[in-house]
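A.B. asks:
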Amino acid sequence: MRKKLVNVLKNAKNVLMLCHKNADPDAVCSALALGTYISRFLKKNVHYVAVDGVSALSKKVLESLKVGVVFNDHIYDVSPYDAIILVDTGSLDQVKPLDEQILKEGKTLLVVDHHHENEKLAKIAKLYLVDTAAPSTAEIVYKILRRSKVLRDSVICQALLIGLIYDSRRFAIASYDTIKIALDLMRRGADYNKVLTLLKSEASYSEKIARLKACQRAKLYSLRNEWIIAFSHVGSYEASAARSLIDLGADLALVLNQEDDVSRVSIRANDRFNNLLEGDAIKDLILHLSRSLKGEGGGHALAAGFIGKFSLEELENATISWLRKRVSQEVKLIT
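Taking full-length UniProt numbering, the leading residue of the sequence shown gets 1, the next gets one more, and so forth.
Listed below in structure tokens is the structure:
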């Protein structure tokens, strides 16, 4: 994989590491590790951007690593860059308003990600390094870099361990490879206990309010009087709100955030829900929503995001319609 990366970037001078909105620790740490290799060993000028900024936890992570790297929260022109690397980002919709400019400029595009494959992105990318079996993008970046000298740097190993532990939910969805990689990163100098301490962060006041409002506004459906599907809407922190609904007992949670005319949905599920549908349920749901609501999204087995122009009611109708077809049973509103 590393040879392919080197070959694609051979003629590039300026490289943009681009992450999704509110970039989480997996996105930020993966971009940092890969960008450091490209800068230090391929001698490229590397810049980092996370659309609308990184998450509060990611800011804390960057401060702890003390690498002096800044993720700019906006960029208006991609023309200075010869190559753009989408990191932990499954679709161009996640980097709006840069999506149209990236397509128009015809830049060399690379994708490093672990979410569901995106056919549109795969067609235009010069290098498409996507492994949907990996619980984190950090794991993929490790595999790219494992024979490079950059992993002699304990700070880079620490960054990759942070991303891996964060997105694997502290190894809750880890594979055998995940455990082996974590052990190797620790052998190279990463500190497991420091990572756990770092990732134990209390939610901000605003995030707590968003979680509570999501609960207050939740509309609930029941399947077989056993599974619970929750819909809600918030003005921010939709991912955190969706996770909270799962923690409180929902088996599938969809939380909408509408900004101007764009709707962003965070989708979360638990293992019970995935086992119920016996397959890649979230991927199938995203495909159904893409057809029904004309949006775009991506994710993995228990978490996904979807972007488009639709209302909460339209989201509910499309999701319930899909669920009824999948289970051939009535889904009832809980009143």
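For each residue, glycine too, the CB sits at the ideal point set by N, CA and C. Note that the structure is a prediction, hence the values are computed from the model and not measured.
Measure from the alpha carbon of residue 95 to the alpha carbon of each residue in 314, 297 and 1, then state which is nearest.
C.D. replies: Counted from its first residue, the sequence shown places residue 95 at position 95. Of the listed residues, the one whose Cα sits closest to residue 95 is 297.
A.B. asks: The alpha helix (DSSP H) spanning residue 158 covers which residue range?
C.D. replies: Indexing the sequence shown from 1 puts residue 158 at position 158. 154 to 167 is the extent of the alpha helix (DSSP H) around residue 158.
A.B. asks: Taking only runs that begin and end inside the segment 11 to 60, name each unbroken beta strand (DSSP E) of 3 or more residues, in chain order.
C.D. replies: 14 to 19 and 45 to 50
A.B. asks: Count Cβ pairs between the segment 179 to 189 and the segment 212 to 221 that sit closer than 8 Å; are there 3 or more?
C.D. replies: no
A.B. asks: Residue 142 and residue 181 look like a contact to me (Cβ under 8 Å); what is the Cβ gap, rounded to whole Å?
C.D. replies: To locate residue 142, count along the sequence shown from 1; it is residue 142. To locate residue 181, count along the sequence shown from 1; it is residue 181. Yes, they are in contact, since the Cβ atoms of residue 142 and residue 181 sit about 5 Å apart, within 8 Å.
A.B. asks: Report yes or no: do three or more beta-carbon pairs, one from the segment 229 to 245 and one from the segment 276 to 294, lie closer than 8 Å?
C.D. replies: no
A.B. asks: Tell me whether residue 8 sits in a helix, a strand or coil according to DSSP, three-state version.
C.D. replies: Start at 1 with the first residue of the sequence shown, and residue 8 comes out as number 8. It is helical.
A.B. asks: Looking at C-beta atoms only, is the number of pairs between the segment 98 to 110 and the segment 30 to 48 that lie closer than 8 Å three or more?
C.D. replies: no
A.B. asks: With DSSP run on the structure shown, which of helix, strand or coil describes residue 98?
C.D. replies: Looking up residue 98 in the sequence shown gives position 98. Three-state result, residue 98: coil.
A.B. asks: Any heavy atom of the ligand MN closer than 7 Å to the beta-carbon of residue 276?
C.D. replies: The ligand MN is not among the ligands present in this structure, which contains no ligands whatsoever.
A.B. asks: To which residues of the same chain is residue 65 closer than 7 Å at the C-beta, ignoring the five residues directly before and after it?
C.D. replies: Residue 65 sits at position 65 when you count from the first residue of the sequence shown. Same-chain partners within the cutoff: 155, 158 and 159.
A.B. asks: Would you mind sorting residue 176 into buried or exposed? The rule is 16 or more other CB atoms within 10 Å of its CB.
C.D. replies: Counted from its first residue, the sequence shown places residue 176 at position 176. Result: exposed.
A.B. asks: Verify whether the separation of the beta carbon atoms of residue 253 and residue 230 is less than 8 Å.
C.D. replies: Taking the sequence shown and counting its residues from 1, one reaches residue 253 at position 253. Taking the sequence shown and counting its residues from 1, one reaches residue 230 at position 230. It is a contact, given that the beta carbons lie within the stated cut-off.
A.B. asks: Suppose the cutoff is 7 Å on Cβ atoms and the five residues either side in sequence are ignored; what does the same chain contact list for residue 151 look like?
C.D. replies: The sequence position of residue 151 within the sequence shown is 151, counting from 1. Excluding sequence neighbours, residue 151 sits near 145, 157 and 188.
A.B. asks: Classify residue 183: buried if its beta carbon has 16 or more other beta carbons within 10 angstroms, exposed otherwise.
C.D. replies: Residue mapping note: residue 183 aligns to position 183 of the sequence shown, counting from 1. Exposed, since its Cβ has fewer than 16 Cβ neighbours within 10 Å.
A.B. asks: Note down the Cα distance separating residue 192 from residue 2, rounded to an integer number of angstroms.
C.D. replies: Translated into the one-based positions of the sequence shown, residue 192 becomes position 192. Translated into the one-based positions of the sequence shown, residue 2 becomes position 2. Going from the Cα of residue 192 to the Cα of residue 2 covers about 26 Å.
A.B. asks: With distances taken Cα to Cα, identify the nearest neighbour of residue 305 among 116, 265, 13 and 91.
C.D. replies: Taking the first residue of the sequence shown as position 1, residue 305 is located at position 305. Nearest of 116, 265, 13 and 91 to residue 305, Cα basis: 265.
A.B. asks: Starting from residue 108 and walking both ways along the beta strand (DSSP E), at which residues does that stretch end?
C.D. replies: What you label residue 108 is simply residue 108 of the sequence shown in a count that begins at 1. Note, residue 108: beta strand (DSSP E), 108 to 113.
A.B. asks: Within 10 Å of its beta-carbon, does residue 165 have 16 or more other beta-carbons around it, so buried, or fewer, so exposed?
C.D. replies: Reading the sequence shown from its first residue, position 165 is the one you call residue 165. With 16 or more other Cβ atoms within 10 Å, it is buried.
A.B. asks: From this set, 21, 108 and 167, which residue's C-alpha is nearest residue 132's C-alpha?
C.D. replies: The residue given as residue 132 occupies position 132 in the sequence shown. Checking every option, the nearest Cα to that of residue 132 belongs to 167.
A.B. asks: Among 316, 80 and 19, which one has its Cα closest to the Cα of residue 292?
C.D. replies: To locate residue 292, count along the sequence shown from 1; it is residue 292. Nearest of 316, 80 and 19 to residue 292, Cα basis: 316.
A.B. asks: Quick check: the segment 101 to 117 against the segment 74 to 90, are at least 3 beta-carbon pairs closer than 8 Å?
C.D. replies: yes
A.B. asks: Please name the residue, chosen from 207, 68 and 16, that lies closest to residue 79 on a Cα-to-Cα basis.
C.D. replies: Along the sequence shown, one-based indexing puts residue 79 at 79. Nearest C-alpha to residue 79 among 207, 68 and 16: 16.
A.B. asks: Just tell me which of 89, 241 and 4 has its CA closest to the CA of residue 126.
C.D. replies: Here residue 126 refers to the residue found at position 126 when the sequence shown is read from its first residue. The residue with the shortest Cα to Cα distance from residue 126 is 4.
A.B. asks: Taking buried to mean at least 16 other C-beta atoms within 10 Å of its own C-beta, is residue 123 buried or exposed?
C.D. replies: The count along the sequence shown starts at 1 and reaches residue 123 at position 123. So residue 123 counts as exposed.
A.B. asks: Here's the rule I'm using: 16 or more other beta-carbon atoms within 10 Å means buried, otherwise exposed. How should residue 273 be labelled?
C.D. replies: Within the sequence shown, numbered from 1, the residue matching residue 273 stands at position 273. By the 10 Å Cβ count, residue 273 comes out buried.
A.B. asks: Using a Cβ-Cβ cutoff of less than 8 Å, which residues in the same chain neighbour residue 198 once the five nearest sequence positions on both sides are dropped?
C.D. replies: In the sequence shown, counting from the first residue as 1, residue 198 sits at position 198. Annotation for residue 198: 60, 61, 64 and 162 place their beta carbon closer than 8 Å to its own, counting only its chain and skipping 5 residues before and after.
A.B. asks: Identify the continuous beta strand (DSSP E) that holds residue 273 and give its terminal residues.
C.D. replies: Counted from its first residue, the sequence shown places residue 273 at position 273. First-last for residue 273: 271 to 277, but that is the alpha helix (DSSP H), not the beta strand (DSSP E).
A.B. asks: How is the alpha helix (DSSP H) around residue 314 delimited, first residue to last?
C.D. replies: Within the sequence shown, the letter at position 314 stands for residue 314. Looking at the DSSP string, the run of the alpha helix (DSSP H) that includes residue 314 is 312 to 327.
A.B. asks: Taking buried to mean at least 16 other C-beta atoms within 10 Å of its own C-beta, is residue 226 buried or exposed?
C.D. replies: Within the sequence shown, numbered from 1, the residue matching residue 226 stands at position 226. Taking all protein chains in view, the Cβ of residue 226 is surrounded by fewer than 16 other Cβ atoms within 10 Å, so the residue is classified as exposed.
A.B. asks: So residue 210 and residue 241 are in contact, right, with Cβ under 8 Å, and what is the actual spacing, rounded?
C.D. replies: Against the sequence shown, residue 210 aligns to sequence position 210. Against the sequence shown, residue 241 aligns to sequence position 241. Confirmed, Cβ separation roughly 5 Å.
A.B. asks: Classify residue 260 as buried or exposed, calling it buried when 16 or more other Cβ atoms lie within 10 Å of its own Cβ.
C.D. replies: In the sequence shown, the residue the question calls residue 260 occupies position 260. Answer is exposed; the Cβ neighbour count stays below 16.
A.B. asks: Decide if residue 249 is buried, meaning its Cβ has at least 16 other Cβ atoms within 10 Å, or exposed.
C.D. replies: Here residue 249 refers to the residue found at position 249 when the sequence shown is read from its first residue. The residue in question, residue 249, is exposed, as its Cβ has fewer than 16 Cβ neighbours within 10 Å.
A.B. asks: Check residue 225 in the structure and name its three-state DSSP category.
C.D. replies: By one-based count along the sequence shown, residue 225 stands at place 225. It is coil, neither helix nor strand.
A.B. asks: Between residue 38 and residue 153, what straight-line distance do the alpha-carbon atoms span, to the nearest angstrom?
C.D. replies: The count along the sequence shown starts at 1 and reaches residue 38 at position 38. The count along the sequence shown starts at 1 and reaches residue 153 at position 153. Spanning the two alpha carbons is a distance of roughly 14 Å.
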